[in-house]
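Working notes, beginning with the structure itself.
What follows is the structure, encoded as structure tokens:
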């Protein structure tokens, strides 16, 4: 089967489907029995230093559903740029959303005689083929903590990461107080 564009799953519709169990007289039952693991594994990259007083954050402008592949592509592109420009331990990058939502696809055949083989929209629940993170409006997507000298590089890395997301987003720059850093 051909891979369908993510545009079909970008909008948030209905409730989130996750691996939940229901206790019945016959024991536990899963609504969705299996789902592929998320491709993204690392959510925190780099090392936090006491000199990181600036935080560049990518914030969503619209609500959307984002695939786990998007999260991984964002992590790779942003991390590669930051590591090339700043080195391994001169920044802290953190990706905030986690792909809990299980995305299903009702596969249809598209060839001659397919109508004899498939049952149309009967039993159209679909099979799980991926995971997604549900993003709300004005939700933080990822942030990079750097020193003042490296702030322009962090902005450029977030601009590159911004291109991977299916919805519009903005970059917010803020200064972290020294008092707040000592508490955390």
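Numbering (the working numbering), first residue to last: 22 to 205. Ideal placement from N, C-alpha and C gives every residue a C-beta, glycine not left out. In this text, all values refer to a predicted model and were calculated from it rather than measured experimentally.
Relative to the C-alpha of residue i, which candidate in the options has its C-alpha closest?
| i | options | result |
| --- | --- | --- |
| residue 92 | 111, 160, 60 and 79 | 60 |
| residue 83 | 165, 195, 189 and 196 | 189 |
| residue 79 | 125, 154 and 116 | 116 |
| residue 64 | 35, 58, 114 and 73 | 114 |
| residue 151 | 90, 170 and 77 | 90 |
| residue 160 | 81, 100, 98 and 184 | 81 |
Going by beta carbon distance, what residues of the same chain come within less than 6 Å of residue i, once the five residues before and after it are set aside?
| i | result |
| --- | --- |
| residue 187 | 31 and 85 |
| residue 147 | 125, 126 and 127 |
To the nearest angstrom, how far is it from the Cα of residue i to the Cα of residue j?
| i | j | result |
| --- | --- | --- |
| residue 122 | residue 168 | 35 Å |
| residue 26 | residue 88 | 11 Å |
| residue 95 | residue 104 | 14 Å |
| residue 198 | residue 164 | 16 Å |
| residue 174 | residue 118 | 23 Å |
| residue 205 | residue 33 | Here the model assigns residue 205 a pLDDT of 48, short of 50, so the residue's position is not dependable and the matter cannot be decided. |
| residue 154 | residue 162 | 10 Å |
| residue 37 | residue 182 | 26 Å |
Less than 8 Å between C-beta atoms, sequence neighbours within five positions excluded: which residues of the same chain meet that for residue i?
| i | result |
| --- | --- |
| residue 180 | 192 |
Just grab the DSSP bridge partners of residue i for me.
| i | result |
| --- | --- |
| residue 125 | 149 |
| residue 86 | 155 |
**OP:** Could you tell me whether the stretch 101-113 touches the stretch 68-79, using the rule of 3 or more Cβ pairs below 8 Å?
**Re:** yes
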